[in-house]
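Position in the sequence shown (from 1) plus 3 gives the number in the working numbering.
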Amino acid sequence: MSAKPLVIQTEQLSDRAHAWLSERVELVKAGPEDAVFKEAADRIQGLVVRTYTDVDEALLDRLPALQVVGRAGVGLDNIDLEACRKRGVEVVHTPEANTQAVVEFVFRMLLATIRPTLRLTEPVDAGAWGELRSECVGRREFDEMTFGILGLGKIGSRVASVARAFGARTLYNDHEEHAVLEPHGAEPVSPTELFERSDILTIHVDGRSANRELIGTDLLDRMPADSILINTSRGFVIQETALAAHLKKNPEALALLDVHAVEPIPADSPILPLPNARLSPHLASRTASAMERMSDVVEDVWSVLQGASPRWAASRD
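Shown next, in the form of structure tokens:
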């Protein structure tokens, strides 16, 4: 039997991070329902997960030797922090790993929406040339719109700086004003005013229970009829039936959704068939650089196993 601590990796890490941790621990890649996981459960000391492994009471009960859970990513929605605390299990993550990637994705979706483009792959005559130019016209420019941000943490603050650089008027709401990093000229407003005044509204809230189904009919009905709603934070923040009703009632409105209440999106999703809902499969953090940074959680996992203080321990509040 190996003298090294046993760490289970349930989801993908970068090759570099996997190799680095493999030099220091007995590292096995396996899901919670795999035979190798079940056979080794009583001696697993470290667990490295990403988005789709739920670290809950039931899983923790199977892991009596567990010392540390490493979340290769930002959000901790899939980890029961209180249950981990009760068992003395440290939770570490990478809270600054994907800020740039998410901000880029938000503006990539927006630019594709408000400034339609096309690619020419063959020559066209003068008539077709004119028709193409007539069809491909953006209705509004950024500096003609009001840009609202719900949640002004690391990502929301960076979004505000980019929106201001584009010349948009910017508003924000954050229920923890003391936690706002830098408003970059954005005006603080109430939630209702944020929804009423925003031509574009992007959501960047955390996974706390108070944010579950935060956005329902009352707030959606306050939005301009041709507004754009963007969600790259958590799917459960929006009441999907209410959003579906809003989009049906306002055909000029758009919802750009990268996260969803259920992933993968089920066939009976009320949002899926709507022409003014543009859905993507949880891609905002998917850059090579961001995924490398998220995989750096292995360094904190190793620190905890060595009895050292990690760099990014989850909040103990």
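In this text, a Cβ means the ideal position worked out from N, Cα and C, and glycines have one as well.
Cα-Cα separation, residue i to residue j
i: PRO126; j: TRP132; result: 9 angstroms
i: VAL3; j: PHE150; result: In this structure the chain extends from 4 to 320, so residue 3 is not present and cannot be described.
i: ARG215; j: VAL240; result: 5 angstroms
i: ARG111; j: ILE233; result: 12 angstroms
i: PHE108; j: ASP261; result: 9 angstroms
i: ARG136; j: LEU123; result: 12 angstroms
i: THR290; j: LEU259; result: 19 angstroms
i: ARG167; j: PHE145; result: 9 angstroms
i: ASP271; j: TRP23; result: 43 angstroms
i: GLN15; j: GLU134; result: 47 angstroms
i: VAL192; j: PRO98; result: 26 angstroms
i: HIS264; j: GLU295; result: Reading the sequence as shown, one finds Ala at residue 264 and not His. C-alpha separation (whole angstroms): 26 angstroms.
i: ILE117; j: GLU255; result: 12 angstroms
i: GLY130; j: GLY141; result: 21 angstroms
i: MET148; j: PRO194; result: 18 angstroms
i: ARG319; j: LEU62; result: Unreliable placement is indicated for ARG319, whose pLDDT of 43 sits below 50; no coordinate value is reported for it.
i: ALA248; j: ALA6; result: 58 angstroms
i: GLU60; j: SER312; result: 25 angstroms
i: GLY310; j: VAL301; result: 14 angstroms
i: ARG65; j: GLU42; result: 11 angstroms
i: ARG328; j: SER212; result: Given a span of 4 to 320 for the chain in the structure shown, any question on residue 328 remains unanswerable.
Distance CB(residue i)-CB(residue j) smaller than 8 angstroms
i: THR205; j: ALA245; result: no
i: ARG200; j: LEU174; result: yes
i: ALA20; j: ASP299; result: yes
i: PRO186; j: ALA163; result: yes
i: LYS157; j: THR235; result: no
i: LEU155; j: ASP177; result: yes
i: LEU30; j: GLN48; result: no
i: PHE198; j: LEU217; result: no
i: SER288; j: ALA75; result: no
i: GLY159; j: HIS207; result: yes
i: ASP202; j: PRO227; result: yes
i: CYS139; j: LEU121; result: yes
i: ILE268; j: GLU243; result: no
Beta bridge counterpart(s) of residue i as assigned by DSSP
i: GLY78; result: Paired residue(s): none; GLY78 is not in a bridge.
i: ALA287; result: Looking at the DSSP assignment, ALA287 forms no beta bridge with any residue, so it has no partner.
i: PHE150; result: THR173, ILE203
i: ALA131; result: Paired residue(s): none; ALA131 is not in a bridge.
i: GLY73; result: VAL51, VAL95
i: ASN234; result: ILE206, LEU260
i: GLU190; result: LEU174
i: ILE11; result: VAL31, LEU50
i: ALA68; result: Answer by DSSP bridge pairing: none, since ALA68 is not bridged.
i: ILE241; result: ILE218
i: ALA228; result: Answer is none; ALA228 lacks a bridge partner.
i: ALA316; result: VAL95
Any C-beta of chain B under 8 angstroms from that of residue i
i: ARG237; result: Although the question refers to chain B, the structure presented lacks it and comprises just one protein chain.
Inter-stretch contact at 8 angstroms, needing at least 3 Cβ pairs: the region 301-314 / the region 266-282: With the cut-off at 8 angstroms, the region 301-314 and the region 266-282 do not touch.
Scan the region 77-108 and note each continuous beta strand (DSSP E) run of 3 residues or more that stays entirely inside, going in chain order. Taking only runs of at least 3 residues, the beta strand (DSSP E) segments lying wholly in the region 77-108 are 93-95.
Should the region 36-43 be called in touch with the region 53-60, which here means at least 3 C-beta pairs below 8 angstroms? Contact between the region 36-43 and the region 53-60 is absent: fewer than three C-beta pairs spanning the two stretches fall below 8 angstroms.
Taking only runs of the beta strand (DSSP E) that begin and end inside the region 16-64, which ones reach a length of at least 3 residues, in chain order? Runs found: 29-32, 47-52.
Check whether the region 88-96 and the region 54-74 touch, using three or more Cβ-Cβ pairs below 8 angstroms as the test. Counting Cβ pairs under 8 angstroms, three or more are found: they touch.
Just list the beta strand (DSSP E) runs in the region 258-305, keeping only unbroken ones of 3 residues or longer that don't cross its boundaries, in chain order. Restricted to the region 258-305, the beta strand (DSSP E) segments that are unbroken, complete and at least 3 residues in length are 280-282, listed in chain order.
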